[in-house]
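These notes concern the structure reproduced below.
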Amino acid sequence: MRFAIFPNLGKEKLFTFLPELLGMIEERKSSALLPLSMKEGLEAGGIKGASYGSIDELGNCDCLLSIGGDGSFLGAARTFRDYPILMAGIHLGELGFLNSITVEDAALRLDQILARHYTEESRLFLDSILKHEDGSQEWLTSVLNDVVIGHNEIGQLARLNLSVNGHLIQEYASDGLIVSSPTGSTGYALSCGGPVMGPGDDRMIVIPICAHTLQRFAIVLKCSDTVEVTAPPREKNLCISLDGSESCPFKTTDRLFIKGANKPIRFIRFADQDFFGTITKKLVRKIYETV
Numbered sequence: 221m222r223f224a225i226f227p228n229l230g231k232e233k234l235f236t237f238l239p240e241l242l243g244m245i246e247e248r249k250s251s252a253l254l255p256l257s258m259k260e261g262l263e264a265g266g267i268k269g270a271s272y273g274s275i276d277e278l279g280n281c282d283c284l285l286s287i288g289g290d291g292s293f294l295g296a297a298r299t300f301r302d303y304p305i306l307m308a309g310i311h312l313g314e315l316g317f318l319n320s321i322t323v324e325d326a327a328l329r330l331d332q333i334l335a336r337h338y339t340e341e342s343r344l345f346l347d348s349i350l351k352h353e354d355g356s357q358e359w360l361t362s363v364l365n366d367v368v369i370g371h372n373e374i375g376q377l378a379r380l381n382l383s384v385n386g387h388l389i390q391e392y393a394s395d396g397l398i399v400s401s402p403t404g405s406t407g408y409a410l411s412c413g414g415p416v417m418g419p420g421d422d423r424m425i426v427i428p429i430c431a432h433t434l435q436r437f438a439i440v441l442k443c444s445d446t447v448e449v450t451a452p453p454r455e456k457n458l459c460i461s462l463d464g465s466e467s468c469p470f471k472t473t474d475r476l477f478i479k480g481a482n483k484p485i486r487f488i489r490f491a492d493q494d495f496f497g498t499i500t501k502k503l504v505r506k507i508y509e510t511v
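Take the position in the sequence shown, starting the count at 1, then add 220; the result is the number in my numbering.
Following this line, the structure appears as structure tokens:
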């Protein structure tokens, strides 16, 4: 089997763990390919004798292993979203939900992947189009977690209008709006009181951030619905955040459209892993451990 490895160079444990992982893959008569763009950084960290390739070459491997935290997995998912590659994450971060492999069980999980002992999940992306006043439109980066619309200055009230399938639903006065996928429901949306959704669900969540109104509830929509967000003329300095890693200005003359993408990513889930059990372990128990 050909493994593509997409590591986060900012993780201290990476340069200790990666040589071990490459050795495990070689012992199993499989091959590994690392991004050519990371070669200099990896070699500076002491990684020698590895094989490198372009994003296209990595995308055409059999399985992609992201190494890092949830942010690393999200970045890998965006990078390889146009490829049919199967994905799994190796966890080097702290609190995380997306990575299904730990450093301690990496050898076991490799054996399970090679033996096809796993379940394949489909994870929904959200696509966004920004339509401008002059009639032009801009496709924004697809997200696996969420699109957040608000002020680029903390503490500023944002007035935003939400429409679904062309019908005005609500005018919000809040710190912003989150449009979340099921994957993103355990992130920012959860901290704002949103529901937890199963990873294979095909719905979206819209939830206001600290709304200045009694209507603070989340709205759950079909992935085929089209969400439209606009802002009244008096609003200034609004921005759109995409998975927390990219942002762009949002003008009052713009119209933002969001809906579920037609092409999901393929995600590995092992038989002994229960999604809601993981939620309990990483959220509820983590809280009590820190008290």
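By construction, the Cβ of each residue, glycine as well, lies at the ideal position given by its N, Cα and C atoms.
- Within the model, the alpha-carbon separation for Tyr-272 versus Glu-246 is close to 15 Å.
- At the C-beta level, Ile-310 and Asp-282 stay beyond 9 Å of one another.
- The alpha-carbon of Gly-313 is positioned some 19 Å away from that of Gly-265.
- Non-local beta-carbon contacts of Ser-383 in its own chain, meaning distances under 7 Å to residues more than five positions away in sequence, involve Ile-389 and Glu-448 in chain order.
- Note on Gly-414: 16 or more other CB atoms within 10 angstroms of its CB, so buried under the neighbour-count rule.
- When the alpha-carbon of Leu-476 is set against those of Val-367, Asp-463 and Pro-402, the nearest one is in Val-367.
- Going by beta carbons, Gly-279 and Pro-227 fall outside the 9 Å limit.
- Closest in alpha carbon position to Thr-450, among Ser-251, Ser-444, Cys-443 and Ile-460, is Ile-460.
- Per the Cβ contact rule, the segment 349-358 is not in contact with the segment 398-417 (fewer than 3 Cβ pairs under 8 Å).
- Taking the CA atoms as reference points, Met-244 sits about 20 Å from Arg-489.
- CA-CA distance, Ser-292 to Leu-229, rounds to 10 Å.
- Rounded to whole angstroms, the Cβ separation of Phe-300 and Ala-481 is 14 Å, and the two are not in contact under 8 Å.
- With contacts defined by Cβ atoms closer than 9 Å, Leu-284 and Leu-241 do not form a contacting pair.
- If the five residues before and after Phe-487 are omitted, its C-beta is found closer than 6 Å to the C-beta atoms of Met-307, Glu-341 and Arg-343, all from its own chain and listed in chain order.
- In the three-state scheme derived from DSSP, where H, G and I count as helix and E and B as strand, Lys-351 is classed as strand.
- Residue environment for Gly-396: buried (at least 16 other C-beta atoms within 10 angstroms of its C-beta).
- In the displayed model, Phe-293 falls within a helix according to three-state DSSP.
- Note on the segment 356-427: whole beta strand (DSSP E) runs with a minimum of 3 residues are 357-359, 366-371, 378-384, 387-394 and 396-400, in chain order.
- In this structure, DSSP gives Thr-472 a state outside helix and strand, which the three-state scheme calls coil.
- Taking C-beta separations shorter than 7 Å and ignoring five residues to either side along the sequence, the partners of Met-221 in its chain run Ser-250, Asp-282, Cys-283 and Leu-334, following chain order.
- For Leu-318, no beta strand (DSSP E) encloses it, and the DSSP letter there is neither H nor E.
- Look at Ala-327 here: in three-state DSSP terms it is helix.
- For Thr-498, the secondary structure class from DSSP, reduced to helix, strand or coil, is helix.
- Listed as beta-bridge partners of Lys-479 by DSSP are Asp-347.
- In this structure, Leu-377 and His-432 form a Cβ contact; the two beta carbons are roughly 7 Å apart against a cut-off of 8 Å.
- With contacts defined by Cβ atoms closer than 9 Å, Tyr-408 and Gly-497 do not form a contacting pair.
- According to DSSP, Met-307 shares a beta bridge with Leu-284 and Phe-487.
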